[in-house]
Amino acid sequence: MSEIELSGLEKRYGDELAVEDVSVTIEDGELLCLLGPSGSGKSTTLRMIAGLTSPTDGTVHIGADDVTDRPAYDRTTATVFQDWALFPHKTVLENVAFGLRMQSASKDERRERAREMLERVEMADHADDNPTNLSGGQKQRVALARSLAVNPDVLLLDEPLSNLDKRLREDMQIELREIHEDLEKTFVHVTHDQDEAFTLADRIGIMADGELVQVGDPHEVYENP
Ligand code: ADP
Ligand code: ADP
Numbered sequence: 001m002s003e004i005e006l007s008g009l010e011k012r013y014g015d016e017l018a019v020e021d022v023s024v025t026i027e028d029g030e031l032l033c034l035l036g037p038s039g040s041g042k043s044t045t046l047r048m049i050a051g052l053t054s055p056t057d058g059t060v061h062i063g064a065d066d067v068t069d070r071p072a073y074d075r076t077t078a079t080v081f082q083d084w085a086l087f088p089h090k091t092v093l094e095n096v097a098f099g100l101r102m103q104s105a106s107k108d109e110r111r112e113r114a115r116e117m118l119e120r121v122e123m124a125d126h127a128d129d130n131p132t133n134l135s136g137g138q139k140q141r142v143a144l145a146r147s148l149a150v151n152p153d154v155l156l157l158d159e160p161l162s163n164l165d166k167r168l169r170e171d172m173q174i175e176l177r178e179i180h181e182d183l184e185k186t187f188v189h190v191t192h193d194q195d196e197a198f199t200l201a202d203r204i205g206i207m208a209d210g211e212l213v214q215v216g217d218p219h220e221v222y223e224n225p
């Protein structure tokens, strides 16, 4: 069970209200896109779901658990960022296996699991490559494999495709959609790109000035922008 329930979520930075009274239930297995302009509070909301920043008010539940005060490593979430954050001195396979170091598996088991994940994102041929030599799209596939390797209940994606050119971005949108359908996990995907949200989302949450102003299926939010 990996339903996410945000209730009255708030984040203040000094006098600034970055996120204000966000309440929404994201269903188990759903792909929700948070869509809004830069500075509207999408990333801060995602970081509070991830446990990477603490809310100043409100709660985060994942499944039956109140995780509001739990650190990121103690949640069943994994996060993919815009800027890959791969280790340049490790191979592609080692980068993916690194995410598994906390799990009680042997080194061989970790490498096997990492290889499996690289196959899923069609990067198995690059297992022994240095990540610095990969294209942006390939790096993002490796980052995705690393996040999925730990078998999270919830995958959180913060503008994961924004550094890619348009053509590649469109291909990756379709692939992400396929991976989501395949895995049946809950995805929360942050983007400022309306087309991306419409391509990917089961439902779209529109953010403006720190508030979640609308949540609906793509058709509904398109009809009532
Ligand atoms: P988005 O992801 O929609 O671009 P953010 O969640 O990054 O928006 O930012 C929301 C608001 O919070 C912005 O006004 C931003 O400047 C502010 N903000 C974000 N992170 C911090 C921080 N660490 N310290 C101070 N202000 C921040
Ligand atoms: P927190 O300590 O609240 O978790 P951080 O200070 O680690 O947040 O910053 C979170 C992210 O927001 C970082 O990526 C940082 O670069 C960015 N950030 C920091 N200050 C600001 C700001 N004033 N406006 C926008 N983004 C900011």
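In terms of full-length UniProt numbering, the sequence shown has 44 at position 44, counting the first letter as 1, and numbering is strictly consecutive. Built from N, CA and C at the ideal position, the CB exists for glycine as well.
Which runs of the alpha helix (DSSP H) fall wholly inside the segment 59-129 and span at least 4 residues, in chain order?
92-98, 107-120
Under 8 Å between C-beta atoms of D193 and R203:
no
What is the DSSP secondary structure of G8, counted as helix, strand or coil?
strand
Check this for me: beta carbons of S40 and D158, under 8 Å apart or not?
no
Is the beta carbon of C33 closer than 8 Å to that of A145?
no
Is E16 close to ligand 1? I mean its beta-carbon at under 7 Å from any heavy atom of the ligand.
Indeed, a heavy atom of ligand 1 lies less than 7 Å from the Cβ.
I'd like the span of the beta strand (DSSP E) that includes A156, first residue to last.
According to the sequence as given, residue 156 is Leu; it is not Ala. Per DSSP, L156 belongs to the beta strand (DSSP E) from 154-158.
Can you check DSSP and say which residues form a bridge with H189?
C33, L157
Determine the DSSP secondary structure at E20, reduced to helix, strand or coil.
The answer is strand: DSSP assigns E20 an E or B state.
Given 8 Å, three or more beta-carbon pairs between the segment 118-132 and the segment 84-96
yes
Just to confirm before moving on: does the CB-CB distance between E5 and H61 stay below 8 Å?
yes
Are the beta-carbon atoms belonging to V215 and K185 less than 8 Å from one another?
no
In this structure, does DSSP put A201 in helix, strand or coil?
coil
Can at least three beta-carbon pairs, one atom from the segment 74-82 and one from the segment 14-30, be found at a separation below 8 Å?
no
Taking E211 as part of the beta strand (DSSP E), name the residues at either end of that continuous run.
211-216
DSSP beta-bridge partners for T25?
E5
Paired residues, beta bridge with D57 - DSSP:
E10
Would you call I174 buried or exposed, if buried means 16 or more other Cβ atoms sit within 10 Å of its Cβ?
exposed
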